[in-house]
Amino acid sequence: MKEKTITEKLLEKSEKTYKNFLKKIIPEINENAIIGVRMNEIRKIEKNSAETELSEFKKIKHEYLEEKLLHAINISKTKNIIQTTNEIEIFLPQIDNWYVCDTLRPKNFKKNYDKIKPYIEKWLESNHEYTVRFAIEMLMTNCIENNYEKEIFEKALYKKSDKYYVQMMQAWCIAELLAKNENEGLSILTNKKLSEPVFKKAIQKARESRKINPKLKDYLKTLKSFT
80 MKEKTITEKL LEKSEKTYKN FLKKIIPEIN ENAIIGVRMN EIRKIEKNSA
130 ETELSEFKKI KHEYLEEKLL HAINISKTKN IIQTTNEIEI FLPQIDNWYV
180 CDTLRPKNFK KNYDKIKPYI EKWLESNHEY TVRFAIEMLM TNCIENNYEK
230 EIFEKALYKK SDKYYVQMMQ AWCIAELLAK NENEGLSILT NKKLSEPVFK
280 KAIQKARESR KINPKLKDYL KTLKSFT
């Protein structure tokens, strides 16, 4: 009997109610591209797939959200930094929603900042919404506490973009910066170089965050005016 493909295994795990949920939280993609598979099931399929099968799977252009999620999960687990960055470079243009973008979290980036910095700088210059979002997310998740460099954060957070999911990641990054490096976060927030949507959303996210101390939240309440 022929072995089922990864896509066939995903299709078997479809849940209509979960598909409807995904349609609501990821409105930017066509509902026909959603199978409706829970993340824990996607991770199981990825974990139980042979390396040769995964290698062939990653060469195929994906039709479904869940295929892209599984692809992102697999890349995130690669250990060789050259392999990781090469695979990301190929995969990034396929990303068409925030969920896949935010699932791509390479575990080896934090310890290889010098090697990934040139890639982050390049990705920040992209015209592709989710490539830019990914670059900012990598700064947020890998560089606030251990590899902080003011110049590259300013480049990422002052970047003017009319793309919603870029703006939201910029705001999220500022909120995280305020929580973990308050002085630098306030410096970026208050020097009037942010776009207005990012400024307002960053304050909102910071005030909603449990990581921000009450005194700072009270101060943020006073920063109502963008100008």
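Here the sequence shown stands for residues 80 to 306, numbered as in the working numbering.
All C-beta atoms, glycine included, are put in the ideal place defined by N, C-alpha and C.
All values derive from a computational prediction rather than experimental measurement.
Here the alpha carbons of Lys-238 and Glu-230 stand approximately 12 Å from one another. Exclusion of the five residues before and after Asn-221 leaves Phe-188, Lys-189 and Tyr-192 as the residues of its chain whose Cβ lies within less than 7 Å of its Cβ.
The beta carbons of Ala-258 and Lys-290 sit closer together than 8 Å. Its chain contains Glu-216 as the residues whose beta carbon lies nearer than 7 Å to that of Asp-181, once the 5 sequence neighbours on both sides are disregarded; these appear in chain order.
Take the alpha-carbon of Ser-205 and the one of Leu-265: they are about 27 Å apart.
In this chain, the alpha helix (DSSP H) harbouring His-150 covers 144-156. Per DSSP, Asn-226 is not a residue of any alpha helix (DSSP H), being assigned neither H nor E. In this structure, Met-248 keeps its C-beta atom at 8 Å or more from the C-beta atom of Lys-280. Ile-113 is positioned such that its CB atom lies no closer than 8 Å to that of Thr-164. Note on Lys-147: 16 or more other CB atoms within 10 angstroms of its CB, so buried under the neighbour-count rule. Taking a 10 Å sphere around the C-beta of Glu-168, we find fewer than 16 other C-beta atoms and assign the residue as exposed.
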